[in-house]
Amino acid sequence: MKPVFLQESHIISPIGIGTEENFLSVHQGISGIQPKTIHPVLGTTYIAQIEDSSLQDIFSSLALQEQSSRIEKMAIATLDPIVKNKKPIANSLLILSTTKANVQELSYNPQHGNNIPELAARLAKHFGFLNPPIVLSNACVSGVMALSLAKRYLQMGLCEEAYVLAFDEISVFIQSGFHAFQALSPEPCKPYDKDRKGLNLGEAAVACRVSLEKHPDSLRIAGDANINDANHISGPSRTGEGLYLSITKALQEASLQPKDIEYIVAHGTATLYNDEMEATAFHRCGLSPIPVASYKANYGHTLGASGLLETVLMATCLRKGYLLPTKNFKDLGTSKAIHVLNDGLQKDISIALKTASGFAGTNTALILVKE
Numbered sequence: 000m001k002p003v004f005l006q007e008s009h010i011i012s013p014i015g016i017g018t019e020e021n022f023l024s025v026h027q028g029i030s031g032i033q034p035k036t037i038h039p040v041l042g043t044t045y046i047a048q049i050e051d052s053s054l055q056d057i058f059s060s061l062a063l064q065e066q067s068s069r070i071e072k073m074a075i076a077t078l079d080p081i082v083k084n085k086k087p088i089a090n091s092l093l094i095l096s097t098t099k100a101n102v103q104e105l106s107y108n109p110q111h112g113n114n115i116p117e118l119a120a121r122l123a124k125h126f127g128f129l130n131p132p133i134v135l136s137n138a139c140v141s142g143v144m145a146l147s148l149a150k151r152y153l154q155m156g157l158c159e160e161a162y163v164l165a166f167d168e169i170s171v172f173i174q175s176g177f178h179a180f181q182a183l184s185p186e187p188c189k190p191y192d193k194d195r196k197g198l199n200l201g202e203a204a205v206a207c208r209v210s211l212e213k214h215p216d217s218l219r220i221a222g223d224a225n226i227n228d229a230n231h232i233s234g235p236s237r238t239g240e241g242l243y244l245s246i247t248k249a250l251q252e253a254s255l256q257p258k259d260i261e262y263i264v265a266h267g268t269a270t271l272y273n274d275e276m277e278a279t280a281f282h283r284c285g286l287s288p289i290p291v292a293s294y295k296a297n298y299g300h301t302l303g304a305s306g307l308l309e310t311v312l313m314a315t316c317l318r319k320g321y322l323l324p325t326k327n328f329k330d331l332g333t334s335k336a337i338h339v340l341n342d343g344l345q346k347d348i349s350i351a352l353k354t355a356s357g358f359a360g361t362n363t364a365l366i367l368v369k370e
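Residue 305 in numbering that gives the first Met the number 0 sits at position 306 of the sequence shown, and the numbers go up by one each step.
Given below as structure tokens:
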């Protein structure tokens, strides 16, 4: 199969504008998670939300329609630098990753073209894509799975390049849903820690380009797999079966062994069952000694943006030879031993694994290689 490469990227998040600034913020231990009240009924919760003043500075520099929603403006502002650097061609493909997209705007203007397909069509038109956009909304694996889809479309010759755009925002709808699950932490989250109490929600928009071109900074997508274990509508498999199989299949496609992986950027939501399931899956795969990091204590859980956000940061780690750590981790709180990285590590690495899991038994794994 033709090799496929991850190219340039751009991030807008509560802790930075641009991929480089976001990398430096995580490197410095900065977190965007703060106590805020987005609705009186929900009270004060810990979330990572982008300040509107920061967004307005970006929006004012772009030719954006005033009636565009906040999340639509975020999406345009994130993809814009990449499109300016490399404009879409006739056979370019736009892939969108989101779980809730314009759900907040829909509650105010249900008849104003705010459903996901209409939003996707407007974004594609804004940037001049000729092909219909693809929307991938598969819970919290969406961001990683969008890269998998881009890779496969390129290898099948269905497009010449793909632009992947992932985004979600904090809303009362999302916050109340996770509140009903009793999954929210009353403090900044602590992935894999024995004192973890749940997750924090966050928001971000991320974009990247994927193509068959190999450049000095390109990273090859060497293997990927997406497997649903159909365990439960919201609870992960206690055996980690879906994630175990996803990792195993990704390793097989990449012709790699577990010992070849040098760094894992995991889902790491800091919920009791997710972290336990991941540790079990990593143990079953023979990955227990490999350094593992979660960035959720920096960004919160950004839903459909999280997988792409964390993959882009992992790619930057490969390029810079530096492994970003897991903020707020102190003492391991999983039954299977894993090597959670709680301090940054300067190390030249070539192979890294990104994993994600989500509601309804979804699991995905993707391997990046620096050549």
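The C-beta atom is built at its ideal place from N, Cα and C for all residues, glycine as well. Just so it is clear, the structure is predicted and the values come from calculations on it, not from any experiment.
Start and end residues, alpha helix (DSSP H) containing residue i
i: Ala278; result: 271-283
i: Ser147; result: 141-154
i: Thr18; result: 18-26
i: Gly241; result: 240-253
i: Arg208; result: Run containing Arg208: none in the alpha helix (DSSP H); it sits in the beta strand (DSSP E), 203-210.
i: Ala292; result: Note, Ala292: premise wrong, no alpha helix (DSSP H); beta strand (DSSP E) at 290-292.
i: Asn297; result: 295-298
i: Ile29; result: Ile29 -> no alpha helix (DSSP H), and no H or E assigned at all.
i: Arg69; result: 69-84
i: Asp56; result: 51-58
i: Cys158; result: That residue, Cys158, is in no alpha helix (DSSP H); it is neither H nor E in DSSP.
i: Glu370; result: From DSSP, Glu370 is part of no alpha helix (DSSP H); its letter is neither H nor E.
Supposed close pair residue i, residue j - CB separation, criterion 8 angstroms
i: Ala351; j: Glu277; result: Ala351 to Glu277, Cβ: 16 angstroms. No contact.
Beta-carbon proximity of residue i to residue j, cut-off 7 angstroms
i: Ala269; j: Cys188; result: yes
i: Ala161; j: Ala304; result: no
i: Leu365; j: Val134; result: no
i: Pro13; j: Gly31; result: yes
i: Lys326; j: Ala296; result: yes
i: Phe128; j: Val82; result: no
i: Asn225; j: Thr363; result: yes
i: Leu157; j: Leu95; result: no
i: Ser334; j: Pro235; result: no
Outcome for residue i when other beta-carbon atoms lying within 10 angstroms are tallied against a minimum of 16
i: Val40; result: exposed
i: Gln345; result: exposed
i: Pro290; result: buried
i: Leu92; result: buried
i: Tyr45; result: buried
i: Ala62; result: exposed
i: Asp56; result: exposed
i: Tyr243; result: buried
i: His266; result: buried
First and last residue of the uninterrupted beta strand (DSSP E) at residue i
i: Gln6; result: 4-12
i: Ile169; result: Element bounds for Ile169: n/a, residue is neither H nor E.
i: Ile263; result: 262-264
i: Asp223; result: 218-225
i: Ser96; result: 91-96
i: Ile133; result: 133-135
Those residues which DSSP pairs with residue i across a bridge
i: Lys35; result: Thr44
i: Thr354; result: Ala364
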